[in-house]
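Enquirer: Count along the sequence shown from 1, add 27, and you get the number used in the numbering used here.
Sending over a structure as structure tokens; questions will come in a sec.
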Amino acid sequence: MTGRSPGQAFDEALLLIGRLNYTWTNTESLLVHLIAGLARTDKDTAVILFLTLNTMRARVDVVERLAKLDRVAAPDRARILAATRQLVQIAATRNRYNHSIYAFDPESGNVRTILMRIADKKDAIKMGQSTALDAGAMAEIDSAIQDLGGLNREIWAIIRDLGYPQ
28 MTGRSPGQAF DEALLLIGRL NYTWTNTESL LVHLIAGLAR TDKDTAVILF LTLNTMRARV
88 DVVERLAKLD RVAAPDRARI LAATRQLVQI AATRNRYNHS IYAFDPESGN VRTILMRIAD
148 KKDAIKMGQS TALDAGAMAE IDSAIQDLGG LNREIWAIIR DLGYPQ
């Protein structure tokens with residue numbers, strides 16, 4: 028992230044991470060429609076279920092378990108499970124940047140992440156893993172945003188194709 032004025036790289040990183048979070052939230056919220064359709068309920072009830080489940084993993088678990096019911100046709104199940112698998116894969120990137128704080132060097136313009144998680148090892152703990160937010164990391168974030176956009180379109184197609192509440 029060199030060649031920019033100090034602060035410009037930081038602003039670009041924050042803008043991209045904000046876009047990742049927006050795209051993530053927009054896509055994760057589509058699980059409401061899958062819950063409504065799979066549970067054979069209305070959207071308001073599905074919203075209550077979605078909000079009661081306070082982690083993405085719990086929400087995905089409900090969708091996957093409902094999709095595995097015998098009443099769900101195998102091709103429909105396959106589409107839904109493929110979508111939830113992709114969401115879980117993208118979550119790793121999203122979580123890495125969402126659970127970090129950011130350090131900015133005003134002289135060089137370099138940005139780095141500091142992961143706010145504890146990693147329990149056999150006989151020690153690790154915390155504060157730091158990673159440069161360089162061009163490769165920015166490309167990874169941009170790729171996750173693009174993947175989420177495609178996944179969003181696929182989930183909407185599933186919702187429409189299966190006649191789930193919109």
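C-beta: ideal position from N, C-alpha, C; glycine also.
Going by DSSP in three states, Met28 sits in which element: helix, strand or coil?
Expert: What you label residue 28 is simply residue 1 of the sequence shown in a count that begins at 1. Low per-residue confidence applies at Met28: pLDDT is 48, beneath 50, and the placement is therefore not dependable, though the value from the model is reported in the following sentence. Met28: coil per DSSP, three-state reduction.
Enquirer: Tell me the DSSP secondary structure of Leu189 in three-state form.
Expert: Along the sequence shown, one-based indexing puts residue 189 at 162. Leu189 falls in the coil class under three-state DSSP.
Enquirer: Work out the CA separation of Ala164 and Met143 for me, nearest whole Å.
Expert: Here residue 143 corresponds to residue number 116 of the sequence shown, with the count starting at 1. Here residue 164 corresponds to residue number 137 of the sequence shown, with the count starting at 1. About 17 Å.
Enquirer: Verify the contact flag: Glu39, CB atom, against every heavy atom of the ligand MN, threshold strictly below 8 Å.
Expert: Annotation note on the ligand MN: not contained in the displayed structure, which lists no ligands.
Enquirer: Less than 7 Å between C-beta atoms, sequence neighbours within five positions excluded: which residues of the same chain meet that for Ala110?
Expert: For the purposes of this step, residue 110 is taken as residue 83 along the sequence shown, with counting starting at 1. Hits under 7 Å: Leu178, Glu181, Ile182 and Ile185.
Enquirer: Tell me whether His126 is buried or exposed, calling it buried when 16 or more other Cβ atoms sit within 10 Å of its Cβ.
Expert: Residue mapping note: residue 126 aligns to position 99 of the sequence shown, counting from 1. That one is exposed.
Enquirer: Buried or exposed: which applies to Leu43, given that a residue is buried once 16 or more other Cβ atoms fall within 10 Å of its Cβ?
Expert: The count along the sequence shown starts at 1 and reaches residue 43 at position 16. So Leu43 ends up on the buried side.
Enquirer: Closer than 6 Å by C-beta to Leu41: which residues in its own chain qualify, once you throw out the five before and the five after it? Chain order, please.
Expert: Position 14 of the sequence shown holds residue 41. Taken in chain order, the list of residues that qualify is empty.
Enquirer: Along the chain, where does the beta strand (DSSP E) containing Thr158 start, and where does it finish?
Expert: In the sequence shown, the residue the question calls residue 158 occupies position 131. Segment Ser157 to Ala159, the beta strand (DSSP E) holding Thr158.
Enquirer: Use the C-beta contact count for Leu202: other C-beta atoms within 10 angstroms, 16 or more gives buried, fewer gives exposed.
Expert: Here the chain comprises residues numbered 28 to 193, so residue 202 is not present and cannot be evaluated.
Enquirer: Look at Leu47 and Tyr129 and say whether their C-beta atoms are less than 9 Å apart.
Expert: Counting from 1 along the sequence shown, the entry for residue 47 is found at position 20. Counting from 1 along the sequence shown, the entry for residue 129 is found at position 102. Cβ distance not < 9 Å, so Leu47 and Tyr129 don't count as in contact.
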